[in-house]
Amino acid sequence: MRTALITGVTGQDGSYLAELLLAKGYQVHGVVRRASTFNRGRIDHLRADPATRDRFFLHYGDLGDPESLTSVVDAVRPQEVYNLAAQSHVGISFTMPTYTGDVTAIGTVRLLEAVRRKVPEARLYQASSSELFGKAEETPQNERTPFHPRSPYAVAKLYSFWAAVNFREAYGMFAANGILFNHESPRRGENFVTRKITRAVAEITRGQRERVTLGNLEARRDWGYAGDFVDAMWRILAAEKPDDFVIGTGETHSVRELCEAAFAEVGIELEWEGGGGAEVGRERGAGTVRVAVDPKYYRPAEVDELQADAAKARRVLGWTPTVAFPELVRMMVRSDLAEVKRP
Ligand code: NAP
Ligand code: G4F
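Next comes the structure, spelled out in structure tokens:
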């Protein structure tokens with residue numbers, strides 16, 4: 508039985524990855540932070556299911572605390588380590604740049620060091636991000652596209668990217684980066700733009716609110732399905748040699764198109780009116796404002812357009828996405844509709 512350790516197991520990706528590895532017969536250990544309220548809703552089913560609960564273990568630890576990381580790595584002695592933990596919100600990283608750097612950059616080195624000291628033969632996956640491309644010099648972006656980070660989050664992820672490469676080159680460790688483009692799901696945090704919109708669409712449909720207020724409607728992202736992307740993580744660690752891979756669908760859409768697609772799922776067609784911070788999206792026919800813009804959601808520096816060229820992952824790992832944008836939006840709206848009950 509292979510043994511894997513996942514940091515960030517309570518997050519969107521951590522929960523899907525734990526499911527995938529358990530389904531493959533792994534013993535899975537997750538690192539969880541102490542919180543005053545339980546935040547394990549995404550993994551509770553794995554702890555309850557008789558098919559998985561005897562192979563799924565949680566350990567307290569924190570990327571800010573090197574001793575806890577060293578202890579858990581030493582106790583578990585994993586063959587595979589997936590470093591998914593991070594302060595992962597780009598917008599919030601502008602408000603908390605120092606904290607973001609400590610967790611999302613230095614935290615990675617704390618974990619790399621723990622693995623180097625205790626289980627140097629383990630394979631380590633580092634959750635890198637398409638945010639590294641930032642003000643991208645070319646579209647689509649691949650492994651040779653230069654990096655130009657545009658936020659404290661992206662700067663921290665850049666540090667972690669190179670830390671993983673450095674441990675590979677300096678110590679011969681199997682440390683590999685997945686440069687993942689945006690990936691979403693019904694388990695996405697509610698303050699990322701996809702889920703913010705799909706949740707609002709459900710609440711509007713159920714008569715619980717009137718509109719959603721957003722920031723930049725023009726930003727374009729390559730949005731894929733998280734379930735597909737955790738499969739890429741596993742393939743990256745199963746590869747013959749440690750390497751870095753771009754993972755994304757190859758399709759790009761704007762936040763505006765995302766709004767249109769999500770509202771269309773509940774039969775609402777949007778008509779745009781005005782511009783900039785005064786723009787609104789009205790429901791055709793009724794005239795009710797369903798989308799408003801508030802500049803407070805604008806970021807001090809924006810990433811305008813991301814689109815993946817994942818040819819290397821296709822060629823070397825045999826990875827291809829299975830869920831396209833319309834299906835992803837439908838899945839998320841339907842899930843939120845099922846969760847949001849009529850008052
Ligand atoms: P997420 O839902 O925000 O989950 C982040 C996880 O990190 C949570 O389990 C969180 O624990 C944990 N965490 C945060 N700070 C920690 C700390 N100091 N010590 C230990 N654990 C900590 O993120 P995600 O969407 O699953 O993304 C997973 C990783 O991939 C992140 O590193 C993210 O930056 C990166 N990434 C994500 C995407 C994407 O589109 N989703 C794309 C590229 C890269 P709590 O539950 O206790 O908060
Ligand atoms: O959903 P977002 O917050 O995701 P963002 O910034 O692209 O970051 C996500 O993907 C990265 C991979 O590229 C990950 F590394 C990172 O951890 C995270 O998972 O914002 C997407 C776009 C941005 O351009 C933002 O300015 O949507 C725009 N946006 C417009 N209105 C908004 C809003 N974003 C949020 N969160 N909230 C809004 O109201």
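Note that this note's numbering gives residue 754 to position 247 of the sequence shown, counting from 1, and the numbers run on in steps of one. Quick reminder that beta carbons are idealized off the backbone N, C-alpha and C, glycines included.
- Within the model, the alpha-carbon separation for A726 versus D561 is close to 44 Å.
- In this chain, the alpha helix (DSSP H) harbouring I704 covers 700 to 712.
- Sequence-distant partners of E717 (beyond 5 residues in either direction) whose C-beta falls short of 8 Å from its own C-beta, in its chain, are I711, T795, V796, R797.
- The Cβ atoms of V579 and H596 lie no closer than 8 Å to each other.
- The count of Cβ pairs closer than 8 Å, one atom from the region 651 to 665 and one from the region 697 to 707, stays below three, leaving the stretches out of contact.
- Under the DSSP assignment, N673 falls in the alpha helix (DSSP H) whose first and last residues are 659 to 678.
- Distance from the Cα of L721 is smallest, within the candidate group G784, E747, R713, for G784.
- Distances taken from the Cβ of S842 to the heavy atoms of the ligand NAP include none shorter than 7 Å.
- At least one heavy atom of the ligand G4F lies less than 7 Å from the C-beta of S595.
- Taking the Cα of A558 as reference, the smallest distance to any Cα among V535, A663, G734 is reached at V535.
- Residue pairing of V535 in beta bridges, as defined by DSSP: A511, F563.
- Per the Cβ contact rule, the region 585 to 605 is in contact with the region 626 to 642 (3 or more Cβ pairs under 8 Å).
- In this structure, DSSP gives Y523 a helical state, which the three-state scheme calls helix.
- The ligand NAP has a heavy atom closer than 7 Å to the beta-carbon of A634.
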